[in-house]
Each structure stands twice: as C-alpha cells, then as structure tokens.
Amino acid sequence: ENEEAIAFSQYPRPADTPQVNSDLPNLIDIKVMGYSLRCWDYRYTLWLGFDPKTYQVNVTDVHAGELYLLAGDPGQDKNIYSDSYHSVMMTKLASLP
Amino acid sequence: RERKNVLFIMADDLRTSLGCYGDSVVKSPNIDQLASKSQVFLNAFAQQAVCAPSRVSMLTSRRPDTTRLYDFNSYWRVHSGNYTTMPQYFKSEGYFTMSVGKVFHPGIASNYTDDYPYSWSIPTFHPASFAYEKQKECKGEDGKLHANLLCAVNVTEQPGGILPDLESTDEAVRLLTSRANDHVPFFLAVGFHKPHIPFRIPQEYLSLYPIEQMSLAPDPNVPKLLPPVAYNPWTDVRRRDDVHKLNISFPYGPIPKDFQLRIRQHYYAAVSYVDSLVGRLLITLDELGLTDSTMVVFTSDHGWSLGEHGEWAKYSNFDVATRVPLIFYVPGVTAVHDWLGGPTFPFIDVLTQSERSFKNFKEIKNVVELVDVFPTVSYMAGLRAPEPCPDISFQEELCSEGDNLAHTFRHRERG
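If you read the protein sequences in the order shown, they are chains E and D.
Going by the numbering used here, the letters in the first sequence line up with residues 102 to 198, in that order.
Going by the numbering used here, the letters in the second sequence line up with residues 985 to 1399, in that order.
Structure representation (structure tokens):
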C-alpha cells in the first residue's frame, strides 16, 4: 500500500513508421513493442525490439522513447525523452514486473 | 461474509468522457448517478488499447506478455496457459454466471464460444442485429444506404427495428428477472458494443450535442516530437464510406475540421445512448429488489482518441487510449440502504433530464489497472481474491498479476 502506484500498458507495431497494419499487427508481424509506465506525474514509454517467435523483448534495442511530464503537459504533446533520462528510467523499468 | 451478486457492465471503446470524470460536454446522468453511490477510480488504465488483448488481460488478470495475446488470433488456453477467468472463478465458487453481448472478444480469441463452458453457466447471448453493424445501414444525403462512420439512424427503419445494444439490454433484463428469486448468487456480465465505431446509434441522441456547440480536441495535431512508431494511422475509421470519400492522406491525415466536429458529436451521442442503457439495467435491479445484494462494476476495455494528437482510434499508449472508467458500487460499503424505500437508481431520461448532476461518493486518484479488477471484484463480492502470480506464471491456472484494491474502500488514499 505504500508503494508508488504505477500502471503499465503496451502496444505492438510492425515497423518504425506508420503503415497499413500499424494499428493492429498480427503476432508474426510484430517487430517493436512499446512499453509504458505511468504514475501520478509522468508517462514514460520505450519502444523496444520484439521477437514474435520467442516473445522476447530486446531491452538494448531501443527504437524510440517518450516522456511526458503531466503537470505541465496533461495532453502528452511535448515529448521530452532524451538519453539523459534513459538510464535512470531503464533501471526503474527493469525493476518492475 | 455474505456473497453478493455481480452485475459487470462493459462498454466498448469508452474513454473517460463521462460527467463523473469531469467531462463538461457529455451527458451521462445514469452513470453519474451510479458513480454518486460508488467508488470511482479516476486513473484506471488498460494494459493494451485494443479489444481482445485488453479483455483477455482483464478477465484473466494477466498482462499481455503472459496471455501472449497481442492481436485477435489466438486462444490463451492453448496458446499460453490455461488461465482461470474471473467469471470462471465465480462459477467454480457456486455462482450462476451469464454473459450478454461483447464481454470476451468474439472469434478465436475466446475459442468461438466466448469461453463457454469454462466461464459461463449458459452460452453467451449475442444480439442478432449485430449482423448488420458493419453493413450499409446508414442513410446518406443521397438517400441511399452506406457503411458510414457517422450513422445516426431511425431505429424503426433498421433491420428488425432494433439495435444490438438495445437487444442486449432486453436480454440482460430478462436474465436478471429470471435470477431475482433464486438463492444461487449470480454473476451477469453485460458487454455493450458502443461507443465503438461505427456510430450506429438512435438519431435522437444527436440532439443533445448541437454541432455549433461542439469543439475540436485541444491538441488536434500530431505532436512534432512524437516518434513515428508511436503514431497509429486509424485505418478502421478511414475504411468507412463517408471517411473514405474525404480522400484523407495516409498516414497523418488530417480530417477536415467540420468532419472532426461531427465525429466528436457522434461519439458523445453514443456515450449518452450507452448511458441510457446502463440506466435501464440499474432501474431493473431496483425493481427486482436486487440493489442491496448486487454489486455493480462499470468499465470499458480501453479509451479512444477523439482527435487528440491527430488520432481517431485506440491502438496507442496515449492516456486517452488507455485510460478507462472504473466504477464500483458495493451495497453496504459505497452506499447504505435507503430505508425510506425510494429507488437507489431511478432511471434518468437523458433526452429530457440531461442537466441532472451528481457528486461522486468517493474518488481514488492513484493509478490502478484493469488487471486489478479480477481480485478486487472477487474480494468485494465475498470471495477470496486470487493469490498474486509468481514472476513466471504460465503454469499457474489461478493467480493475479494485479492488486486487490479492497483496501482502497476502507482507507483514505495516501500519496
């Protein structure tokens, strides 16, 4: 009950750029998985390489990132992801289920 | 503890555009009234913003990486693990479990049976009129029928003179009536098809949202620094006849502003339509004397982008696509019995009483997840919540990757 409340979501993509099956790729076509964690004040998302045959994500294969600070950007329009945040947040992601 | 019946109501693609979530445009008095006697989770999130993965995740309390369902094309029991579902758990504990409409995503994702007989005591009811949902049933300006996105209809002119969610509501009322005097507790799940596209809804609900009073999303453009991989091109919307005619460029659009306003108008109207159906279910509980013995859960599989970030769909990790309503009415806990005998949930006709407003009984602001629903509903109904899953749980039939939120009903929120 004392832990920071966090919610996870994820979304698959077949490619790094939008294409006809980007909305709902079949499993075999999934190449990238976007993992998000969100809490009271931010949403952080990493788009990582994904192998649909083994269901394994490659945490070193970062395709893109998103970071939104919700206090000043509740609509999530100003992506301030940068490499400086990356190592800190990756540590946090890796420690969570 | 006494076991409570469960009425589990799911909408399809319903974002938190509800009065009880602070939306000042929408008219949702029946759901707001439910919220006024419930605990409202203001920041509840789906695990994946698309129907089948989200529903299977919520109903098994496993994340998509455990169900291994990211699309619509596999059945978790043979694809990943023989996970126990929430209704299956209730059934195993002696409940009579029933399903109406879209609770599981139909097709292979639920073994073409809506997971019957594992999850349900009787086969799922599907409204026959859903067969016409994606067909040319929308009268265009040319007087002909089209497969449009915007599809407000005269219900009496539709095949069978009815729409799927009206049919589902009739069946749910019939099932509630049939169980009202039975000593066996019930779990009834009712899955509405709206406000999912196409917006094939009774036309009278459009009058609640005059087009001149509609506004665009506050951020209708694709953000400059949004990675292309994060964007979805909303192809299902593009395929509808009326949108296809607009000849919108792929993948970034945009949709003409006047059409954006009409999409938002129709979405809101669809929400009010669903609200009226929820109101019918709730007044039925009252009429059958079930309000004091039945907990009500209201939620959705995920949200929908109403033009924010230049998107018109779910299919993303944006909050507008993942955030959902989550409302728990628990008799004796979130509301006390009205000894004066008035109905707990009198029906409010949104078409004539759209301005009715309510104050939420209790709000939880901390973030929660749809994987929390299974353990929380179980516990609050009087069963034991499933144990937390181990790190690797493919062989575990009954466990939860979410949290039992029961403590939030008893204690003040921290943080």
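No residue lacks a Cβ here, since even glycine has one placed at the ideal position from N, Cα and C.
For chain E, the residues of the segment 1215-1248 of chain D that bring a beta carbon within less than 9 Å of one of its beta carbons are Tyr1215, Asn1216, Pro1217, Trp1218, Thr1219, Asp1220, Phe1234, Pro1235, Tyr1236, in chain order. Three or more Cβ pairs closer than 8 Å define a contact, and the segment 1225-1233 of chain D falls short of that threshold against the segment 1047-1065 of chain D. Check the Cα spacing between D/Asp1333 and each of D/Asp1007, D/Gly1124, D/Tyr1189, D/Val1139: the tightest is with D/Tyr1189. Annotation for D/Thr1278: the continuous beta strand (DSSP E) segment containing it runs 1278-1284. For chain E, the residues of the segment 1295-1318 of chain D that bring a beta carbon within less than 7 Å of one of its beta carbons are Ala1297, Tyr1299, Ser1300, Asn1301, Phe1302, Asp1303, Thr1306, in chain order. Residues of the segment 1317-1351 of chain D with a C-beta atom less than 9 Å from some C-beta of chain E are Lys1349, Asn1350, Val1351, listed in chain order. Around the beta carbon of E/Lys154, fewer than 16 other beta carbons lie within 10 angstroms, which makes this residue exposed.
With a cutoff of 8 Å on beta-carbon distance, D/Leu998 and D/Thr1278 are scored as not near each other. Here the C-alpha atom of D/Gln1023 lies approximately 48 Å from the C-alpha atom of D/Asp1126.
Within chain E, the residues whose beta carbon sits less than 9 Å from that of D/His1293 are Gly176, Gln177, Asp178, listed in sequence order. For E/Asp124, the nearest CB of chain D lies under 8 Å from its own CB, placing it at the interface with that chain.
Look at D/Arg1246 here: in three-state DSSP terms it is helix. Interface annotation, D/Ala1033: in contact with chain E, CB-CB separation under 8 Å. With 16 or more other Cβ atoms inside 10 Å of its own Cβ, D/Ile993 counts as buried. Within the same chain, Asp1276, Pro1315 come within 8 Å of D/His1321 by CB-CB distance, once the 5 residues on both sides are set aside. Taken residue by residue, none of the segment 1255-1283 of chain D has a beta-carbon sitting less than 7 Å from a beta-carbon on chain E. With respect to D/Asn1014, D/Gly1263 sits close: the two C-beta atoms are nearer than 8 Å. A distance of 8 Å or more separates the beta carbons of E/Ile131 and E/Pro119. D/Asn1057 has a beta carbon lying within less than 8 Å of a beta carbon in chain E. Taking a cut-off of 8 Å on C-beta distances, the segment 1152-1171 of chain D does not touch the segment 1125-1141 of chain D, as fewer than three cross pairs fall below it. Restricting attention to E/Ser110, E/Gln157, E/Tyr182, the CA atom closest to the CA of D/Leu1354 is found in E/Ser110.
The three-state secondary structure of D/Lys1178, taken from DSSP, is coil. The Cβ atoms of D/Lys1178 and D/Tyr1257 sit closer than 8 Å to each other. Nearest Cα to D/Pro1238 within the set D/Leu1200, D/His1063, D/Pro1037, D/Val1255: D/Leu1200. Counting along the chain, the unbroken alpha helix (DSSP H) around D/Asn1014 starts and ends at 1013-1019. For D/Ser1289, the closest of D/Phe1342, D/Thr1283, D/Lys1298, D/Leu1043 by C-alpha to C-alpha distance is D/Lys1298.
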